[in-house]
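Residue numbers (the numbering used here), protein chains in the order written: chain A, 35 to 203; chain B, 141 to 276.
To start, the structure under review is shown below, and the notes come after it.
Next comes the structure, spelled out in structure tokens:
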């Protein structure tokens, strides 16, 4: 009898905890999801590139972007500019592309300082390579950690809005 | 059992035997039925529980059920632990979601303000070009 009760208790607690920590529960955790008009003037100014897509973002993503807006004033002007320029492109990426970009950023950040400084220059050099060479490089297996799915070799940089995609974190 | 106790028991038995001899036939019959019933209960433990439960239910109307409720405190304890486990699990998920958001906030702010465009982090050709250049 006592053993049955103990067994039942263990099962109930295990089931309750398993239910509580499932991804479904995680997904249901609600963050405050303010409308664009509810943002402060400073937040609206910083996050202006996201204004058209703001309503499509879930509460957690909005929370993240508001946090980014809080950091914005402490950044140097050139970083502020780059951040705002890239916000919209970032919001168009798929979750998997964002994951890959974050991983790649972290691996480049871990480079020794001398190599880190060269990366920007290498990017400029890479941009000037002929398209065939870029395609050949892109067709090689990914280096280091997984980098799929990557973008195919990009055409020369051009201004203008990127195609609509999945709103980002 | 001491000799003194045995002596007392014998006396009691004698008195009971004498008194029993004077019982009416109907009384003796009912006592025999009660004895048989008691022996049957001893041989079947489930029949012992039933009268207890019946007794408790019978007393429910006069407030005797409440004092008997704590006989199964394990159930209430289990419910309490299960509720605590749910609350702890949800709390942990909340904390994790909050932590993830803070991590993304910091990482994305750095990534988007870095001097490389987003495409550089997504272009496999560039990653291979970089590796080739650094390996030289």
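Think of the CB as a built atom: it goes at the ideal place given N, C-alpha and C, for glycine as much as any other residue.
*What three-state label does DSSP hand residue 92/A in the structure shown?*
On the first chain, position 58 is the one that residue 92/A refers to. In this structure, residue 92/A counts as coil in the three-state DSSP scheme.
*What's the C-alpha gap between residue 129/A and residue 217/B?*
On the first chain, position 95 is the one that residue 129/A refers to. On the second chain, position 77 is the one that residue 217/B refers to. Residue 129/A and residue 217/B: Cα-Cα distance of roughly 43 Å.
*asked:* Alpha carbons only, please: which of 251/B, 234/B, 173/B is nearest the one belonging to residue 109/A?
replied: Looking up residue 109/A in the first chain gives position 75. Comparing Cα positions, the closest option is 251/B.
*Give the secondary structure of residue 243/B by DSSP, where H, G and I count as helix, E and B as strand, and everything else as coil.*
Here residue 243/B is taken as the residue at index 103 of the second chain, counted from 1. Note: residue 243/B maps to helix in three-state DSSP.
*Assuming residue 134/A and residue 270/B make a contact with CB atoms under 8 Å, what is their CB distance in whole Å?*
Your numbering for residue 134/A matches position 100 in the first chain. Your numbering for residue 270/B matches position 130 in the second chain. Going by Cβ atoms, the distance from residue 134/A to residue 270/B rounds to 15 Å, so no, they are not a contact pair.
*Less than 8 Å between the CB atoms is what I'm expecting for residue 138/A and residue 233/B, so what's the real figure, rounded?*
Mapped onto the first chain, residue 138/A falls at position 104. Mapped onto the second chain, residue 233/B falls at position 93. With a Cβ gap of about 28 Å, residue 138/A and residue 233/B do not count as contacting.
*Would you report the Cα separation of residue 255/B and residue 163/A, rounded to the nearest angstrom?*
In the second chain, the residue the question calls residue 255/B occupies position 115. In the first chain, the residue the question calls residue 163/A occupies position 129. Straight-line Cα distance between these residues: approximately 20 Å.
_Limits of the unbroken alpha helix (DSSP H) element including residue 293/B_ = With chain B covering only 141 through 276, there is no way to say anything about residue 293/B.
*asked:* If the criterion is Cβ atoms closer than 8 Å, does the pair residue 149/A and residue 265/B meet it?
replied: If you number the first chain from 1, residue 149/A lands on position 115. If you number the second chain from 1, residue 265/B lands on position 125. No; because the gap between Cβ atoms is not below 8 Å, this pair is not in contact.
*Measure the C-alpha to C-alpha separation of residue 48/A and residue 213/B and round it to an integer number of angstroms.*
Here residue 48/A corresponds to residue number 14 of the first chain, with the count starting at 1. Here residue 213/B corresponds to residue number 73 of the second chain, with the count starting at 1. Roughly 19 Å separates the two Cα atoms.
*Meets three-Cβ-pair contact criterion under 8 Å: the region 232-248 of chain B and the region 94-101 of chain A*: yes
*Taking all protein chains shown into account, decide if residue 80/A is buried (16 or more other Cβ within 10 angstroms of its Cβ) or exposed.*
By 1-based counting over the first chain, the position of residue 80/A is 46. It counts as buried.
*If we call anything under 8 Å between Cβ atoms a contact, is residue 153/A one with residue 171/A?*
As a first step, residue 153/A must be located in the first chain, where it is residue number 119. As a first step, residue 171/A must be located in the first chain, where it is residue number 137. The answer is no: Cβ separation not under 8 Å.
*Helix, strand or coil at residue 184/B according to DSSP, with G and I counted as helix*: Numbered from its first residue, the second chain carries residue 184/B at position 44. Correct three-state label for residue 184/B: coil.
*Using a beta-carbon distance cut-off of less than 7 Å, what residues from the region 70-82 of chain A approach chain B?*
none
*Entirely enclosed beta strand (DSSP E) segments - the region 59-146 of chain A, minimum 3 residues*: none
_Beta-carbon spacing of residue 77/A, residue 100/A below 8 Å_ = Start at 1 with the first residue of the first chain, and residue 77/A comes out as number 43. Start at 1 with the first residue of the first chain, and residue 100/A comes out as number 66. Cβ distance < 8 Å, so residue 77/A and residue 100/A count as in contact.
*Mind checking if residue 154/A is an interface residue toward chain B, Cβ cutoff 8 Å exclusive?*
Here residue 154/A is taken as the residue at index 120 of the first chain, counted from 1. Yes, because at least one Cβ of chain B sits closer than 8 Å to the Cβ of residue 154/A.
*Listed in chain order, which residues of the region 251-262 of chain B have Cβ atoms closer than 8 Å to some Cβ of chain A?*
251, 252, 253, 254, 255, 256, 257, 258, 259, 260, 261, 262
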